[in-house]
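First the structure, in the form of C-alpha cells, and then the observations on it.
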Amino acid sequence: MCLIVCAFNHHVDYPLVMVANRDEFHDRPTQPAAFWDNGILAGRDLQGGGTWMGVTGRGRFAAVTNYREAVRANSDAPSRGDLVIGFLESDLSAPEWLEKMKPGMERYNGFSLLVGAAGDPVNLMAYLSNREGDIRVLTPGIYGMSNHLLETPWPKVVRSKAALEKCMLENCMDDDSLLDILSDSSAADDESLPDTGLDQAIERMLAPPFVVSESYGTRSTTVVVIGRNGELRFVERSFDSSGSVTGEERYAFPLENYGC
C-alpha cells in the first residue's frame, strides 16, 4: 500500500471511511480481493503471501504502507503484509495488539501500520511505525499516510485528504465517488516533492495520488466503509499499467455482533 486516507468517527453515519491505493510493480503476482479460508476479506500478494489491506466480518480492519528510505531493504525480513493478517486474526484491541508486536517490529523493513475495530464495543483505531516507535490511539478526524509516517504532508497526502473532506461535506458517500478520490494523476510541483533519497525523476513519478508508469504504478484502489447501521462495504478496483480498469470486486455485509 502506498497511500491511505481515512475518516475515523468524522461522519455522523459512518464511523470509518478508508480509501487506499496500492502501488506496486505490474509484474508482481497478485490475487484480487476475496474471502480467505480464515474469514479475512483482502487481496493477496502471491509473492510475499500477505496483504496490504483487509477486513473481517467482526469489523476489524488493517492497512500497511512501506516506509520509503534510501537504505536497501533486508531481503530476509518477514513480509510486512503478515502484520495485517496478524491483527485481523487476533482478538486483541488495536493498541493491545500493537503493544504485543512492538518488541519484534525491528525485524521488519520500514512500515507504517493502521489497525482498528468497529463496534467492539466501541470504535477504536491505532497507528504504529517502526521508524517512529510510539503507538498512537487516534481521535476522531481525517488522516492520511503514504510511504512515511502518519500525517507526513507529502503532496499526495494533502491533496487526497482535502478530496475526502470535500466528499464527506457534500455527502458523496457512494462507492464510485469514494474511488474517485484517489484517481488524481496530476503532477506535483518539484518544490514540494519529498526527499527520500531517490532520484528526483522517480520522486516526481511517485508524487501523484494515482501513479501511472509502464513498470510500476497504482495496481488497485480499495474503499472500506463501515456504517453506523453495522454494514460494511468493501470495493477493490484494479488497473493495468496504463491506468485502465481491469476488474472490480464489491462486497457488502452486516458485521457480526456490531455494537455489542
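Our numbering applies: residue 897 is where the sequence shown begins, and numbers increase by one. Note that CB positions come from ideal geometry on N, CA and C, so glycine has one too.
Legend entry - Inter-residue Cα distance where the pair is C1068 and T1117: 17 Å
Inset, instruction - Keeping to the same chain, check which residues put their C-beta closer than 6 Å to that of E1061; ignore five residues upstream and five downstream. - result: I1038
Legend entry - Whether L1024 touches I1031 by CB criterion (7 Å): yes
Inset, instruction - Let me know if S971 comes out buried or exposed under the rule of 16 or more other beta-carbons within 10 Å of its beta-carbon. - result: exposed
Inset, instruction - Specify, as a first and last residue, the run of the beta strand (DSSP E) that R918 falls within. - result: L912 to F921
Inset, instruction - Excluding the 5 residues preceding and the 5 following V1141 in the sequence, name in chain order all residues of the same chain whose CB lies nearer than 8 Å to its CB. - result: R1133, S1134 and F1135
Inset, instruction - Using a threshold of 7 Å, state whether the C-beta atoms of R956 and L984 are closer than that. - result: yes
Inset, instruction - Determine which residues share a DSSP beta bridge with N962 and list them. - result: F1007
Inset, instruction - Specify, as a first and last residue, the run of the alpha helix (DSSP H) that G950 falls within. - result: Taken as a continuous stretch (DSSP letters only), G950 belongs to no alpha helix (DSSP H), being part of the beta strand (DSSP E) at M949 to V951.
Legend entry - Close Cβ partners of S1111 (< 7 Å) along its chain, the five nearest in sequence each way excluded: F921 and H922
Legend entry - Beta-bridge pairing of T1142 - partner residues as DSSP gives them: Paired residue(s): none; T1142 is not in a bridge.
Legend entry - Unbroken alpha helix (DSSP H) run spanning S1056, endpoints: P1051 to L1065
Legend entry - Closest residue to R940 among R918, R954 and E1087 (Cα-Cα distance): R918
Legend entry - Beta-ladder partner(s) of Y877, from DSSP: No information on residue 877 is available, as it lies outside the stretch 897 to 1156 that the chain covers here.
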